[in-house]
Amino acid sequence: MLGIDYIKESIFINAKGAFSMTDPVLINLDQGVLTVTFNRPEKKNAMTNGIYDQINEAISRAEHEAQIKVVVLTGTGDFFSAGNDIADFMTQPPEGETSPVVKLLLRLANTDIPIVAAVNGPAIGIGTTILLHCDKVYAVDSAFFSTPFVTLGVVPEAGSSLLMPKYLGYQMAARLLMFAERITAEEAKDCGLIGHLCAVDQLTEVVAEEARRIAKLPKKTIRQAKRLMRRNEETLTDRIVYEMEQFGEALRSAESKEAMAAFVEKRSPNFAQFDTEA
Amino acid sequence: MLGIDYIKESIFINAKGAFSMTDPVLINLDQGVLTVTFNRPEKKNAMTNGIYDQINEAISRAEHEAQIKVVVLTGTGDFFSAGNDIADFMTQPPEGETSPVVKLLLRLANTDIPIVAAVNGPAIGIGTTILLHCDKVYAVDSAFFSTPFVTLGVVPEAGSSLLMPKYLGYQMAARLLMFAERITAEEAKDCGLIGHLCAVDQLTEVVAEEARRIAKLPKKTIRQAKRLMRRNEETLTDRIVYEMEQFGEALRSAESKEAMAAFVEKRSPNFAQFDTEA
Amino acid sequence: MLGIDYIKESIFINAKGAFSMTDPVLINLDQGVLTVTFNRPEKKNAMTNGIYDQINEAISRAEHEAQIKVVVLTGTGDFFSAGNDIADFMTQPPEGETSPVVKLLLRLANTDIPIVAAVNGPAIGIGTTILLHCDKVYAVDSAFFSTPFVTLGVVPEAGSSLLMPKYLGYQMAARLLMFAERITAEEAKDCGLIGHLCAVDQLTEVVAEEARRIAKLPKKTIRQAKRLMRRNEETLTDRIVYEMEQFGEALRSAESKEAMAAFVEKRSPNFAQFDTEA
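Protein chains in written order, with the numbering used here: chain A, 24 to 301; chain B, 24 to 301; chain C, 24 to 301.
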């Protein structure tokens, strides 16, 4: 219900001209709030390089258009995002700083635009790690969160290896990043991954109202506060770049190749074959 | 009730000689515990430059008098503190490192004296940020907490932009510092801004008892532990100074001037006039 | 019950040959899980230099034997560990980087082996601080946690002065490290010192099952994730070494000498005698 109603509203309100309901990202500007809606519900809003580019572009637009005060990230359908689209990922894996996902992450790490997330369902992989770059996160009670990088033979991204221990506490970070566990919306709120729980039929309205309130606060001041809060000793930018180096190595590892092959061949991965290496 | 009883007790016990009940800060030393009571209940214990000087002096005294083991901060009346006294603030805004509030903050950031707060009611602005420099905070159930700097066109102070993300988690810090939200005592306990909830009629007694217990622990050792715990990579001192530079800039901004003017003219601020700037 | 059953199982399964039930540390390898059991129940599993050496050796073994994926730390009897064995400690206090406890701590700070703790009862002193180096901690509901260094005139160790403020929040860290408070298992879970509460009769089974699950995840990848998560600005190694310098000073202090003497003479320590020093 949420998804359909939301899209309808977007289509009617959107000032930039009509777009197809099949666009993978919907963009809507209303009263200073730029809403970016992941719109591949049939693929659980799995992210492609094209989608990363569009989100990046939307935030860049918010930085350059004076009337945009807040960005809202949300999804249509039952999932917030199932993470990377594996097929798209395998044809064009991210390695350098110029790949779309890394460009998006560096933008998120360095922007001072307030970003609110309305998590309309489960958030997997980058669906969860992107929340670490949001300033306020609402999630429906039925959402769950998971970053199962390790089961794919790859390492944490999006600076999550820095931000999760710092913001969620070490052991919660380990549950997500080392042990590939799924946590509930309740647990996510307790540890601070999200800030607010919300009934599914109220999410759109509650977030829209809060975003409009934020849009009325003095724009420059709020951004100055965000820049102060995001100031790091080891900058997040350095960490994201370092993680990507590690990610590149991990991606060339036997573990990752086995995980990917198993996925394609629809079988369980055999990690035990690597046990003889210390 | 709390306020009156407490003052009476202070007046009778105080060893430094009598003082008027209208002194804006009451100082009381008893069994190694130096209690500093904000005492402008008719102004909700709003802070003036004079009050900052007196608190600073009290902590300095604790550092130099061998028999003082613990400092307790509390307030008379229904408020802990409503924050800066705007009238006093506007006649003598803090800018350099020699202004009373900055001198107090630098003292708090660098002292190794154990500091306990007994939050007897709502804590606004520096009433909240000062708690980040306390080692143990009790608050009454009815207290609430708010740092609405952004609505005044100014930025976080007291190192709160460093300490809140670090101690409370990023999104809770954002609720307070970016979005000017008010949080309840319950929420404050959940995120670690305070350590203990307390019924209003028990606050004085509970805190006094705990302070006396702390006063009996080995003084030097406890201070050594505090120094270790407060060791920073980017020192808190650097952050407080950097925030004040930003604060000075923010204070000269159109947003801040508009907020202050609106306050004086008893009207809503018009921040929308600045929307055309990117 | 737990202790006895557990030992029996260990004795039967252990592949390295038989050992006496009176060994102070039991080592058991099963399905990639190396279980290290503190086994001085009559001394509440108080730690000696010999025990530190054995734990250190076990983790070193895990680093070098390819088939070991996870280390589990647990105890027999009613206590997880009562901390340092005072008698052993006083005959051979830790000072340099070559003392067994410091060698163990540096190993824990730098290993990338996943470590799970099954806290079978109260955890005191290093019984608590060692948990900061574990990636996942289960504890029985009846456990409690305490690091009363200050009452002994000594300072925090194991990097706890760095990790507790960072992972548990500052005020919870202060309760433990400055104010020598005892916290419940419930409080420990709320602040993130432990990750999971567990009924006492299920602890062994629940932890064993989870450890076996972890053992099946790709070994190299999980270690890469841990290394990323443990990357520090001020390295933990630097902090542990710095704490030990402070510890050495504290140990030679009058406060510590008084605490130790009082312990030996079975009397209350008199810390008030040092009050005249500022």
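The beta carbon of each residue, even a glycine, is placed where N, CA and C say it ideally should be.
Only residues of its own chain outside the window of five on either side were considered, and among them A203 have a CB closer than 6 Å to the CB of P171(B), listed in chain order.
At a cut-off of 8 Å between beta-carbon atoms, V178(B) makes contact with chain A. Counting along the chain, C221(B) sits inside the beta strand (DSSP E) bounded by residues H219 to C221.
Sorting E80(B), A85(B), A81(B) and F103(B) by C-alpha distance to the C-alpha of L226(B) places F103(B) at the top. At least one CB of chain C lies nearer than 8 Å to the CB of M201(A). Taking a Cβ-Cβ cut-off of 9 Å, the neighbours of M195(A) in chain C comprise G215 and G218, given in sequence order. DSSP links G192(B) through a beta bridge to no other residue. Around the beta carbon of N107(A), 16 or more other beta carbons lie within 10 angstroms, which makes this residue buried.
Within 8 Å of the CB of T97(A), no CB atom of chain B is found; the nearest one sits about 17 Å away.
If you look at K239(A), you'll find it isn't in any alpha helix (DSSP H); DSSP assigns it neither H nor E.
Following the DSSP letters along the chain, one finds A89(C) in no alpha helix (DSSP H), marked with neither H nor E. Taking 8 Å as the upper bound for CB-CB distance, A146(C) and A166(C) are in contact here, some 6 Å apart. Secondary structure of S184(A) (DSSP, three-state): helix. With a contact defined as Cβ atoms closer than 8 Å, M195(C) and C214(C) qualify at about 4 Å. Separation of the CB atoms of P241(B) and L251(A) is rounded to 38 Å, and the pair is thereby denied contact status at 8 Å. Looking at the DSSP output, D53(B) shares a beta bridge with V56(B). The C-alpha of G73(B) lies about 55 Å from the C-alpha of T121(A). A straight-line Cα-Cα distance of about 16 Å links V48(A) and V56(A).
When secondary structure is reduced to three states using DSSP, S291(C) falls in the coil class, being assigned neither helix nor strand. Considering only beta carbons, the part of the stretch 275 to 295 of chain B lying closer than 9 Å to chain A consists of S276, A277, E278, S279, E281, A282, P292, F294 and A295, in chain order. Assignment of beta-bridge partners to L251(B) by DSSP yields no partner. The three-state reading of DSSP puts L127(B) in helix, counting H, G and I together.
For L128(C), not one C-beta of chain A is nearer than 8 Å to its own C-beta. For A273(C), the C-beta contacts it makes with chain B under 7 Å involve T244 and Q247, in order along the chain.
Nearest to V139(A) by C-alpha distance, out of P123(A), A295(A), S183(A) and C157(A), is C157(A). A Cβ-Cβ contact shorter than 8 Å links F168(A) with L216(A). In this structure, T97(C) and T58(C) form a Cβ contact; the two beta carbons are roughly 7 Å apart against a cut-off of 8 Å. Between G150(A) and E266(A) a beta carbon distance of about 17 Å is seen, past the 8 Å cut, so the two are scored as non-contacting. By the neighbour-count criterion, in which 16 or more other beta carbons inside 10 Å mark a residue as buried, E228(A) falls on the exposed side. Annotated as proximal: I263(C) and L128(C), with beta-carbon spacing under 8 Å. In the DSSP assignment, K159(A) falls outside any alpha helix (DSSP H) and lies within the beta strand (DSSP E) extending over K159 to V163.
T207(B) is outside the set of residues whose beta carbon lies under 8 Å from a beta carbon in chain A. Cβ contact annotation for I78(C) (same chain, cutoff 7 Å, sequence separation greater than five): V48, V59 and L127, in chain order.
Beta-bridge pairing by DSSP links G98(C) to F61(C). Sorting P292(C), E268(C), N143(C) and A162(C) by C-alpha distance to the C-alpha of E210(C) places A162(C) at the top. As computed with DSSP, N107(A) is found in a beta bridge with M70(A).
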